[in-house]
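Colleague:
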Amino acid sequence: MIELNINGRTHAVDADPHTPLLYVLRDHLALSGAKFGCGLGQCGACTVMVDGQATFSCLTPISVLPGRRIKTVEGLGTIEQPGPLQRAFIDEQAAQCGYCIAGMIMRAQALLEKNPSPSEAEIRRHMMPNLCRCGTHMRILRAVRRAAETMRAAATPGAKRSES
Amino acid sequence: MNLRMILAGSMLLGVLALAGSIDRPLVAAAAEAPERASFDAAVVAKGAELAAIGNCRSCHTQPEGAPFAGGLPLSTPFGTIHSTNITPDPDTGIGRWTGEDFLRAMHEGVDRAGRHLYPAFPYDHFTRMSAQDVAAIYAFIMTRDPVRAEVPANRLRLPAGFRPAIAVWKALYFEPGVYRPDASKSATWNRGAYLVDGLAHCGACHTPRNALGAENKRQDLGGGEAERWHASSLTETSPAPVPWSADTLYDYLRRGHEQRHGIAAGPMAPVVHNLSSVAEDDVRAIAVYVASRMQRPPSAPAAAADAVVASARERETDEASRATSRNAASAVDGADVFAGACASCHGAGPASPSAAPVALGLTTSVNAPDPRNAIHIVLEGLWPEPGAKGALMPGFAGELTDGQVIALIDYLRARFTNRPAWTDAPERVKEIRQAMQSEP
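Chains A and B, in that order, give the protein sequences. Numbering (numbering that gives the first Met the number 0) for the first sequence: 0 to 163. Numbering (numbering that gives the first Met the number 0) for the second sequence: 0 to 439.
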């Protein structure tokens with residue numbers, strides 16, 4: 000058994016140590032936000048966060064994860080109460096087919112947690128590993144900028160702070 | 000007192016004696032730089048190609064900065080030095096420099112005001128260039144857009160921070176003089192030697208340096224370093240399992256990858272990016288010359304290339320070799336890391352038509368004398384320049400802890416080569432990780 004801390008909860012998983020995290024999330028734990036795109040770390044649909052860094056879950060064996068904090072798109076909010084990035088993606092209508100979106104959101108989340116005011120160039124460079132086949136990149140970029148603004152506003156003293 | 004301190008001390012004394020008498024005056028203070036329109040278009044075009052072979056832009060441009068405007072910090076054992084602005088801006092660049100000033104800088108390492116230049120600017124190589132080639136680069140540089148950009152001050156320790164000290168360094172190590180052809184060799188070989196030793200300054204990275212930062216000419220091209228990467232030996236001591244030939248070197252230099260050796264990465268990536276655009280004959284000449292330097296003596300014949308490739312491929316599928324490497328003492332099993340993180344591309348059989356990585360047993364990074372390049376690639380991955388074609392590998396800096404990276408690269412070394420284990424992986428991983436955090 001391998002213990003994984005996902006979205007603040009500990010899960011004991013019975014799987015081969017080299018099983019990719021993506022398969023465990025989807026097949027063992029019914030966390031199906033992260034998607035299988037290429038299985039080669041070339042598209043980003045499977046992106047989650049490990050210790051605050053955007054990570055391709057299709058290439059992360061669970062043996063390297065005990066003791067580390069994993070965050071998936073399910074950890075950012077719910078349908079009723081979406082988190083700021085999820086809200087921004089909805090408001091900008093950034094999804095077309097939607098397959099890449101969970102990965103896009105998680106990669107953006109990793110950026111905004113580290114750098115609340117990224118420049119346009121920083122956003123583009125950071126988002127580079129994730130592909131959207133439908134071509135909604137411009138909307139995705141708008142959503143990331145919008146989320147950065149709402150997150151900054153929420154973080155300013157006096158404003159109501161939302162927990163995520 | 001160690002050797003370095005003795006050298007530094009004697010250098011300082013020498014400098015104090017010589018200071019003031021060494022700096023050289025302006026060539027001709029009154030001379031003016033030519034008008035931009037006066038340069039011949041064909042000469043400018045020639046200069047553009049030569050500047051690409053010389054990789055001028057890589058050092059003289061900051062990331063996302065204006066081309067040739069300088070300011071890139073270069074860390075040396077003696078402190079941090081910033082590349083200069085070589086755009087034709089009259090005040091902050093070289094807009095007032097005449098062709099003669101420029102030639103003197105390239106051939107003698109002296110700036111327009113007569114100050115000695117730090118040898119981070121590789122005039123110990125550029126001195127081999129013909130005056131005509133230098134003039135073409137001058138024409139190219141002087142017709143770029145002028146950019147007004149002050150360069151930050153260098154932060155160097157004494158005695159290096161004391162500019163006349165360079166005179167002593169030059170007296171010890173600098174051998175000026177244009178390349179002299181070897182009449183017993185072909186014109187192509189001579190062209191290659193001229194470019195490699197001169198303009199392309201391959202030895203600046205590929206030759207080891209001594210305690211005072213000078214290239215050790217007895218080990219010319221014998222393997223050095225660049226920006227915390229290992230720069231492979233380009234001599235008979237090359238670690239490549241399949242010996243390089245002029246043809247495979249040409250493919251590598253021209254396209255940035257070679258199926259039996261690997262992919263140009265780190266500081267070599269911009270070099271091959273530049274060489275993809277220059278005259279084919281010049282790249283061919285470089286390949287011919289370097290291949291000749293790599294020739295092993297007849298007493299040490301290399302294994303037949305096909306046999307080496309077959310054995311490297313076999314190791315990718317051989318479960319027995321996998322089992323023997325599992326025993327490496329480590330909290331995490333490198334074999335499990337490999338199976339989960341690497342094998343979908345680097346395992347048996349191509350994972351998809353678009354993923355055809357070089358067999359790891361053939362790569363120079365896994366066969367190199369130190370693990371730095373393998374660590375860099377595991378942590379950072381391989382990313383083509385934006386808009387350029389090239390191999391793409393994700394980096395694992397976020398996925399893997401230091402201990403896991405060490406377990407993985409020790410496993411790669413044991414499984415895919417017959418070479419002795421690396422002993423310095425822990426320090427190297429730490430060093431490279433720190434550098435990644437300070438220079439994102």
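Virtual Cβ for every residue (Gly too), placed ideally from N, Cα, C.
#1: Are the CB atoms of L73/B and S55/B within a distance shorter than 8 Å?
#2: Looking at the C-beta of V63/A, does it have a partner C-beta in chain E at a distance below 8 Å?
#3: So, do the segment 198-215 of chain B and the segment 144-154 of chain B have three or more beta carbon pairs nearer to each other than 8 Å?
#4: List, from N- to C-terminal side, the beta strand (DSSP E) runs of 3 residues or more that fit wholly inside the segment 268-305 of chain B.
#5: Would you say T18/A reaches chain B, if we count a Cβ-Cβ gap shorter than 8 Å as a contact?
#6: With 16 as the cutoff for other CB atoms within 10 Å, does S62/A come out buried or exposed?
#7: Does the Cβ-Cβ distance between Y470/B and G113/B come in under 8 Å?
#8: DSSP beta-bridge partners for P19/A?
#9: Between E315/B, V428/B, M392/B and F337/B, which has its C-alpha nearest D369/B's C-alpha?
#10: State the Cα-Cα distance for the pair I165/B and G94/B, rounded to the nearest angstrom.
#11: For V49/A, would you say it is in contact with chain B, using Cβ-to-Cβ distances shorter than 8 Å as the test?
#12: Quick check on L71/B: does DSSP put it in helix, strand or coil?
#13: Any C-beta of chain B sitting closer than 8 Å to the C-beta of P128/A?
#14: Provide the residue span of the beta strand (DSSP E) that contains E224/B, from first to last.
#15: Quick one: what's Q92/A bridged to in DSSP?
#16: Using the C-alpha atoms, what's the distance from E174/B back to L17/B?
#17: Should Q92/A be labelled buried (16 or more other beta-carbon atoms within 10 Å of its own) or exposed?
#18: Compare the C-beta of C344/B with all C-beta atoms of chain A and state if any pair is closer than 8 Å.
#19: Tell me, please, whether the CB atom of V428/B is closer than 8 Å to any CB atom in chain A?
#20: Quick one: what does DSSP say N4/A is sitting in, helix, strand or coil?
#21: Could you check whether V72/A and E398/B sit closer than 8 Å to each other, using their CB atoms as the reference points?
#22: So, for T234/B: in the same chain, excluding its five sequence neighbours on each side, which residues have a beta-carbon less than 7 Å away from its beta-carbon?
#23: Taking 8 Å as the CB-CB cut-off, is G38/A touching chain B?
#24: Excluding the 5 residues preceding and the 5 following V42/B in the sequence, name in chain order all residues of the same chain whose CB lies nearer than 6 Å to its CB.
#25: Can the beta-carbon of L49/B be found less than 8 Å from the beta-carbon of L198/B?
#26: Output yes if chain A places a C-beta closer than 8 Å to the C-beta of A340/B; else output no.
#27: Under 8 Å, Cβ to Cβ, is there at least one residue of chain B near Q52/A?
#28: I'd like the ranges of any alpha helix (DSSP H) spanning at least 4 consecutive residues and lying wholly in the segment 358-405 of chain B.
#29: Check each residue of the segment 370-399 of chain B: if its Cβ is closer than 7 Å to any Cβ of chain A, include it; give the result in chain order.
#30: Of all the residues that make up the segment 57-72 of chain B, which are near chain A by a beta-carbon distance shorter than 7 Å?
#31: Any idea if S20/B is buried or exposed, counting beta-carbon neighbours within 10 angstroms, 16 or more meaning buried?
#32: With hydrogens ignored, establish whether the beta-carbon of G70/B is closer than 7 Å to any heavy atom of the ligand SAM.
#33: Counting only Cβ-Cβ distances shorter than 8 Å, please list the residues of the segment 398-415 of chain B near chain A, keeping chain order.
#34: Buried or exposed: where does N326/B fall if 16 or more other Cβ atoms within 10 Å of its Cβ makes it buried?
#35: What does DSSP give as the partner residue(s) for E121/A in the beta ladder?
#36: Does DSSP put R45/B in a helix, in a strand, or in coil?
Modeller: Quick look at the numbers:
#1: One detail in the question is off: residue 55/B reads as Cys in this sequence, not Ser. Contact flag unset, no.
#2: Protein chains in the displayed structure are A and B, and chain E is not among them.
#3: These segments do not touch.
#4: As far as the segment 268-305 of chain B is concerned, it has no whole beta strand (DSSP E) run of at least 3 residues.
#5: Interface residue, yes.
#6: Here S62/A is buried. Its C-beta has 16 or more other C-beta atoms within 10 Å.
#7: Because chain B is modelled from 0 through 439, residue 470/B falls outside the range shown and cannot be assessed.
#8: Its beta-bridge partners are P60/A.
#9: Taking only the C-alpha atoms, the option nearest D369/B is V428/B.
#10: So the two alpha carbons sit approximately 25 Å from each other.
#11: Taking a beta-carbon distance threshold of 8 Å, V49/A counts as an interface residue toward chain B.
#12: Correct three-state label for L71/B: coil.
#13: It does: the Cβ of P128/A has a partner Cβ on chain B nearer than 8 Å.
#14: Start and end: G223 to A225.
#15: Q92/A is not bridged to any residue.
#16: Per-residue confidence for L17/B stands at a pLDDT of 48, beneath the threshold of 50, marking its modelled position as unreliable; no derived number is given.
#17: That one is exposed.
#18: Interface annotation, C344/B: in contact with chain A, CB-CB separation under 8 Å.
#19: For V428/B, no Cβ of chain A is located within less than 8 Å of the residue's own Cβ.
#20: The answer is strand: DSSP assigns N4/A an E or B state.
#21: No, the Cβ-Cβ distance between E398/B and V72/A is not below 8 Å.
#22: Cβ neighbours of T234/B beyond the five flanking positions: L220, G221, R292 and M293.
#23: Yes - at least one Cβ of chain B is within 8 Å of the one on G38/A.
#24: Non-local C-beta neighbours of V42/B in its own chain, meaning closer than 6 Å and more than five positions away in sequence, comprise A135 and A138, ordered along the chain.
#25: Judged by their CB atoms, L49/B and L198/B are nearer to each other than the 8 Å cut-off.
#26: Chain A contact via Cβ: present.
#27: True, the Cβ-Cβ gap to chain B drops below 8 Å.
#28: Taken in chain order, the complete alpha helix (DSSP H) segments of 4 residues or longer contained in the segment 358-405 of chain B are 363-366 and 371-379.
#29: Along the segment 370-399 of chain B, the positions whose C-beta sits under 7 Å from a C-beta of chain A are L391, P393, G397, E398 and L399, read in chain order.
#30: Only E63 from the segment 57-72 of chain B bring a Cβ to less than 7 Å from some Cβ of chain A.
#31: Annotation note: pLDDT 43 at S20/B (below 50); position unreliable, coordinate value reported separately. S20/B comes out exposed.
#32: With respect to the ligand SAM, the structure offers nothing, as it holds no ligand at all.
#33: Correct list: E398, L399, T400 and Q403.
#34: Only weak support is given to the placement of N326/B: the predicted model assigns it a pLDDT of 44, under 50, and the value that follows is read from those uncertain coordinates. Looking at its Cβ environment, which holds fewer than 16 other Cβ atoms inside 10 Å, N326/B is exposed.
#35: Answer by DSSP bridge pairing: none, since E121/A is not bridged.
#36: Looking at the sequence provided, one finds Lys at residue 45/B rather than Arg. Helix at K45/B.
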